[in-house]
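Using our numbering, read the sequence shown as starting at 929 and increasing by one per residue.
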Amino acid sequence: MDSAAERLDSIRARIDAAHRRFGPPAERVELVAVSKTFSADEVRPFLEAGQRIFGENRVQEAAGKWPELRASYAGIELHLIGPLQTNKAREAVALFDVIETVDRDKLAGVLKTEMEKAGRQPRLLVQVNIGLEPQKAGIPPAEAVAFVKRCREVHGLTIDGLMGIPPEGVPAGPYFAQLAILAGETGATTLSMGMSADFETAIAMGATHVRVGSALFGHRPRP
Ligand SMILES: *Cc1c(COP(=O)(O)O)cnc(C)c1O
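Set out below in structure tokens:
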């Protein structure tokens, strides 16, 4: 396979081309490099090549990997992109700069408490279950706008935007379009959607953040 720098260049070139073709509204599109299942040693070449925004889906795995990497590289921005249990909220607030997976009132309340205790304010996105899939986390689309409002007005949280994962095996475009409409209704400025297989489509629909794993790091043995 190509070097980390070559893979980053190639994905960034595709992001830029899609953005030139379809953007605005997004001022620019950020690449979240999804490093889940890959070791600190496997991540390091991407840091060396200049990548600074990374995504992890498990709090425990991130806790074992990122403190060491943060000590060696300045300016890292770490995103939690997997479901968050309330009993891990404290650790998540300490570890992550962006939590993309706020999806229920109980979690919103606990995050508010832990953020106040820690004096740390990770940016927050609400995860929407855009395909209404039972195995996926996220608030149902029909409840998303009201939930964002509750996060802001009842729980006192700042919500920057929405995140979603479309179903596999069907065209993603309509799901991205729906998420973009919901984001507009909530006044959200951040829209995290699109993965290795479909990030250009997501950019066409207004993504501000694309989450790319296997196209950068290679095949994952487990999900
Ligand atoms: C694993 C994962 C990704 C990256 O998926 P790829 O297909 O490897 O690019 C993106 N978003 C979420 C939420 C993930 O869990």
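Note that CB positions come from ideal geometry on N, CA and C, so glycine has one too.
Computed from a predicted structure; not experimentally measured.
Check: Just how far apart, CA to CA, sit Leu1039 and Phe1145?; Outcome: 31 Å
Check: Tell me the start and end of each unbroken beta strand (DSSP E) in the segment 1018–1068 that is at least 3 residues and wholly inside, in chain order.; Outcome: 1026–1030 and 1051–1056
Check: Does the beta-carbon of Ile923, which I'm using as the reference point, lie nearer than 7 Å to any heavy atom of ligand 1?; Outcome: What the structure shows of the chain is the stretch from 929 to 1151, and residue 923 is not part of that stretch, so it cannot be assessed.
Check: Give the range of the beta strand (DSSP E) segment to which His1137 is assigned.; Outcome: His1137 to Val1140
Check: Tell me, please, which residues DSSP counts as bridged to Ser1120.; Outcome: Met1091 and His1137
Check: Is any non-hydrogen atom of ligand 1 found closer than 7 Å to the C-beta of Val1054, if you look at the structure I gave you?; Outcome: no
Check: If you draw a straight line from the alpha carbon of Pro1069 to that of Leu1110, how long is it in whole angstroms?; Outcome: 8 Å
Check: Please classify Asp1031 as buried or exposed, where buried requires at least 16 other C-beta atoms within 10 Å of its C-beta.; Outcome: buried
Check: Considering just the uninterrupted stretch of the beta strand (DSSP E) at Phe1104, what are its terminal residues?; Outcome: Premise fails: Phe1104 lies in the alpha helix (DSSP H), Gly1101 to Thr1114, not in any beta strand (DSSP E).
Check: Confirm, please, whether the CB-CB distance from His947 to Val962 is below 8 Å.; Outcome: no
Check: Just to confirm, does Met1058 get its C-beta within under 7 Å of one of the non-hydrogen atoms of ligand 1?; Outcome: Sequence inspection shows Ile at residue 1058; the Met mentioned does not correspond to that position. Because no heavy atom of ligand 1 lies under 7 Å away, the Cβ of Ile1058 does not count as near it: no.
Check: What is the C-beta distance between Leu1052 and Asp1088, in whole angstroms, given that I count them as a contact (C-beta under 8 Å)?; Outcome: 6 Å
Check: Pick out the complete alpha helix (DSSP H) segments inside the segment 936–1001, 4 residues or longer, and give them in chain order.; Outcome: 968–976 and 987–1000
Check: So the alpha helix (DSSP H) Glu1128 belongs to, where does it begin and stop?; Outcome: Phe1127 to Ala1132
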